[in-house]
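Heads up: the structure comes next, in structure tokens.
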Amino acid sequence: MIVSFTNRMLYSGECDGLVYYWSKRLNKLIARRYVVPKESNSNRKLGAISRNLKLIGLSEAYIADIKVYLAIYNQRPQEKCFVSWRNAFLTMMFALAKQNSAIDLLTITREQIEADSLPCISVKRAVEAGLLPHIEGYERLDRVI
Numbered sequence: 753m754i755v756s757f758t759n760r761m762l763y764s765g766e767c768d769g770l771v772y773y774w775s776k777r778l779n780k781l782i783a784r785r786y787v788v789p790k791e792s793n794s795n796r797k798l799g800a801i802s803r804n805l806k807l808i809g810l811s812e813a814y815i816a817d818i819k820v821y822l823a824i825y826n827q828r829p830q831e832k833c834f835v836s837w838r839n840a841f842l843t844m845m846f847a848l849a850k851q852n853s854a855i856d857l858l859t860i861t862r863e864q865i866e867a868d869s870l871p872c873i874s875v876k877r878a879v880e881a882g883l884l885p886h887i888e889g890y891e892r893l894d895r896v897i
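Numbering-wise (my numbering), the sequence shown opens with residue 753 and increments by one.
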């Protein structure tokens, strides 16, 4: 639901069972129902994977490359877009695990990525390996993790 306020103040957070947030892509304030996720094995595993991937400690240059990729990718007309650089990174890592069953996202480390020269080492290599959709100019996004 698109929200409008008369006082034009930027609002974010929870109130009355709704979550409010600003969408840069739509340039609008959005509200959605607050839903508490049910506790499940899948949610716990996803949380553990996310915590492990955060420990990799991505370089600022690598994050900047992902943000450039997002800016170009999200300009194209499509049904699905990436909300943030973290969303694109997680998508890339899950695609890597799906492509190579020997990779365990619960235990993967930066050292393993560098030693095995995995495709997620740079955005350029990830696009070439099919982990991320192809965009114009991806060849310049070659800074390493």
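Beta carbons: idealized from backbone N, C-alpha and C, even for Gly.
Bear in mind that the values here come from a model prediction, so they are computed numbers and not experimental data.
- Sixteen is the threshold: since fewer than 16 other Cβ atoms of the shown chains lie within 10 Å of the Cβ of D894, the residue is exposed.
- Looking at the DSSP output, A783 sits in a beta bridge with Y772.
- Selection N793, W774, L884, T859 evaluated against A783 yields W774 as nearest (Cα-Cα).
- When the five nearest sequence neighbours on each side are left out, the beta carbons in the same chain lying within less than 7 angstroms of the beta carbon of R862 are those of I808, G809, I897, in order along the chain.
- Taking the C-beta atoms as reference points, A849 is found no nearer than 7 angstroms to I818.
- Distances from the CA of R838 to each of I824, Q830, A816, T859 were compared; the closest alpha carbon is that of A816.
- When the Cα atoms are used, D768 and L781 turn out to be separated by approximately 16 angstroms.
- Sequence-distant partners of I887 (beyond 5 residues in either direction) whose C-beta falls short of 8 angstroms from its own C-beta, in its chain, are Y821, I824, Y825, R828, V879.
- Of S792, P789, Y814, the smallest CA-CA separation from K876 is found for Y814.
- Secondary structure at G799: helix, using DSSP grouped into helix, strand and coil.
- With fewer than 16 other Cβ atoms inside 10 Å of its own Cβ, L858 counts as exposed.
- If you draw a straight line from the Cα of E866 to the Cα of I873, it is about 7 angstroms long.
- Within the model, the alpha-carbon separation for G882 versus K776 is close to 27 angstroms.
- Taking C-beta atoms as the reference points, L884 and M844 count as a pair closer than 7 angstroms.
- If the five residues before and after L805 are omitted, its C-beta is found closer than 8 angstroms to the C-beta atoms of F841, L842, M845, L857, I860, all from its own chain and listed in chain order.
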